[in-house]
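Have a look at the structure below before the remarks.
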Amino acid sequence: MKLSSLLSESTILIDPPVETKEEAVQRLMATLEPILGVAKATAAFDLLMEREKKISSYVDYGVAIPHTRLDGLDRVLVGLITSAKGFDAQDPPGAKVNILFLVLSPIGKNTLMLQTLAAVARLCHTKEMREALRRMKA
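Counting in our numbering, the sequence shown runs from 47 upward without gaps.
See below:
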């Protein structure tokens, strides 16, 4: 799976003015609202935040991958935020996020969700790639 096939220019935000991971997720959900509609975007945000309360999407090295399954979705949607200065991960305390991939997938498409998460993990695996993502310019 190629992440480039799931990303679009409208769902990539470079250095947006956000202070927390929750704000970053809100900004990305706003980019997905034209695709999802207000009700589904709100439901997705709520699911993502509920999951964050149970387990943080921060994986390490400044990377967070909030993800959830969404009823009524017919394909995987991916958003990306990069931030040179970073923003508060909220959990763990003191951690900064520089790269945030948001992944929404259809309910019942577990393999597709896992393939997408694996593609994100492969992309963020090396220090060089993480640095390249952090240095992205609009």
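Think of the CB as a built atom: it goes at the ideal place given N, C-alpha and C, for glycine as much as any other residue.
Please read these numbers as outputs of a predicted model, since none were measured by experiment.
Discussion item. Taking the alpha helix (DSSP H) that residue 78 belongs to, which residues open and close that run?
Written reply: Residues 67-82.
Discussion item. Taking a contact to mean a Cβ-Cβ separation below 8 Å, would you say residue 143 touches residue 163 in this structure?
Written reply: no
Worksheet item: So which of 147, 141, 137, 136 has the shortest CA-CA distance to residue 113?
Response: 147
Discussion item. Please state the DSSP three-state secondary structure of residue 166.
Written reply: helix
Item to complete: Pull up the CB-CB distance for residue 104 and residue 135, whole angstroms please, since I reckon it's below 8 Å.
Response: 5 Å
Worksheet item: So, are the CB atoms of residue 78 and residue 126 less than 8 Å apart?
Response: Taking a C-beta distance under 8 Å as the contact criterion, residue 78 and residue 126 do not qualify as a contact pair.
Worksheet item: Cβ of residue 179 less than 8 Å from any chain C Cβ?
Response: Checking the listed chains, one finds no chain C in this structure; it contains a single protein chain.
Fill in: Identity of the residues DSSP links to residue 128 by a beta bridge
60, 145
Item to complete: Would you tell me roughly how many angstroms separate the C-alpha atoms of residue 61 and residue 128, rounded to the nearest one?
Response: 6 Å
Worksheet entry | residue 74 to residue 123 span [Cα, whole Å] | 11 Å
Worksheet item: Within 10 angstroms of its Cβ, does residue 94 collect 16 or more other Cβ (buried), or is it exposed?
Response: buried
Worksheet item: If residue 116 and residue 86 are in contact, beta carbons under 8 Å, what's the gap, nearest whole angstrom?
Response: 7 Å
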